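Peer 1: Residue numbers (the working numbering): 84 to 341. Each residue gets a CB set at the ideal place from its N, CA and C atoms; glycine is no exception. These numbers come from a predicted model, not from an experiment.
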């Protein structure tokens, strides 16, 4: 059963295409909507430009939250805590994003996330601990490629990280990335690669991001084979579903409703 229509929807905007489209859909369908973003120091500077462009497209101000205990820096969290990530997630998410959101939100809010149809299992896991959450892109059958296409056709220039071939606009040097991702970071942003490698060494072997496939032994970024992994450019593709979403948004705009 979906939460009642008049409860405030809080759209989590990550400076990515999917979360932007999810916010647009939510604004078209609900009367009380806030769009919120947690600033992270390690993101590309162009994310702030993209945020301003999306603000104009949405027609509302995006609330920007900022952690003050660690200067909004994921890497500072790792250095101070001497911990990077576990199977339960990365330390940076809980400190730099979740804590500031928890301090800002209201108990009755319904949280809206930009998970696409490819991420339905992820959305189901999220519902296990946050039952009052909504996923408008999954409900509408929208893929990540279609979100990129919708944004592309608005004339909004996608974030630099997308244009460089990354599949999202997360931190430059996200600890959730695979071997191919980190080898691309090694080539594109060598200073950030070196910074993360130094953090690994500070934390010690327990903080190494990868394991050797043959031995199972943890290996550091500096030990990562530069030829390992793969990293494909994101596809921008729009089919009937994404056209239907655009039609829905256009109809709402003509009718003047949300």
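Grouping DSSP H, G and I as helix and E and B as strand, with all else coil, what is residue 260?
Peer 2: DSSP places residue 260 in coil when its eight states are reduced to three.
Peer 1: Classify residue 292 as helix, strand or coil using the three-state DSSP reduction.
Peer 2: Residue state, collapsed to three classes: coil.
Peer 1: From which residue to which residue does the alpha helix (DSSP H) around residue 343 run?
Peer 2: Because the chain is modelled from 84 through 341, residue 343 falls outside the range shown and cannot be assessed.
Peer 1: Within 10 Å of its beta-carbon, does residue 262 have 16 or more other beta-carbons around it, so buried, or fewer, so exposed?
Peer 2: Answer is buried; the Cβ neighbour count reaches 16.
Peer 1: Cβ atoms of residue 94 and residue 123: under 8 Å apart, would you say?
Peer 2: Cβ atoms of residue 123 and residue 94: not closer than 8 Å.
Peer 1: Comparing C-alpha positions only, which one of 250, 91 and 245 sits nearest to residue 190?
Peer 2: Here the closest residue by C-alpha is 91.
Peer 1: Could you pull out every unbroken alpha helix (DSSP H) segment of at least 4 residues lying fully inside the stretch 174–244, listed in chain order?
Peer 2: DSSP runs (the alpha helix (DSSP H)) wholly in the stretch 174–244: 182–187, 203–212, 219–223 and 227–237.
Peer 1: Following the continuous beta strand (DSSP E) through residue 92, name the residue where it begins and the one where it ends.
Peer 2: Segment 92–95, the beta strand (DSSP E) holding residue 92.
Peer 1: Buried or exposed for residue 227, please, with buried defined as at least 16 other CB atoms from any protein chain shown within 10 angstroms of its CB.
Peer 2: That one is buried.
Peer 1: Using 8 Å as the threshold, is the C-beta distance between residue 96 and residue 120 below it?
Peer 2: It is a contact, given that the beta carbons lie within the stated cut-off.
Peer 1: Less than 7 Å between C-beta atoms, sequence neighbours within five positions excluded: which residues of the same chain meet that for residue 164?
Peer 2: Excluding residues within five positions, the ones whose Cβ falls inside 7 Å are 174.
Peer 1: Just to confirm, is the Cβ distance from residue 126 to residue 281 under 8 Å?
Peer 2: Not a contact, by the Cβ cut-off of 8 Å.
Peer 1: For the beta strand (DSSP E) containing residue 143, list its first residue and its last residue.
Peer 2: Per DSSP, residue 143 belongs to no beta strand (DSSP E) and is neither H nor E.
Peer 1: So is residue 285 buried or exposed if we call it buried at 16+ other beta carbons inside 10 Å?
Peer 2: With fewer than 16 other Cβ atoms within 10 Å, it is exposed.
Peer 1: Exposed or buried, residue 269, counting other C-beta atoms within 10 Å across all chains shown (16 or more means buried)?
Peer 2: It is buried - the Cβ of residue 269 has at least 16 other Cβ atoms within 10 Å.
Peer 1: Hey, quick one: how far does the beta strand (DSSP E) through residue 121 stretch, first residue to last?
Peer 2: From DSSP, the beta strand (DSSP E) with residue 121 extends over 116–121.
Peer 1: Whose C-beta lies closer than 6 Å to the C-beta of residue 192 among residues of the same chain, with five residues either side of it excluded?
Peer 2: If we look at residue 192 and ignore the five residues flanking it on each side, its Cβ neighbours are 91 and 93.
Peer 1: Quick check on residue 301: does DSSP put it in helix, strand or coil?
Peer 2: It is a strand residue.
Peer 1: Would you mind sorting residue 289 into buried or exposed? The rule is 16 or more other CB atoms within 10 Å of its CB.
Peer 2: Classification of residue 289: exposed, given that the 10 Å Cβ count is below 16.
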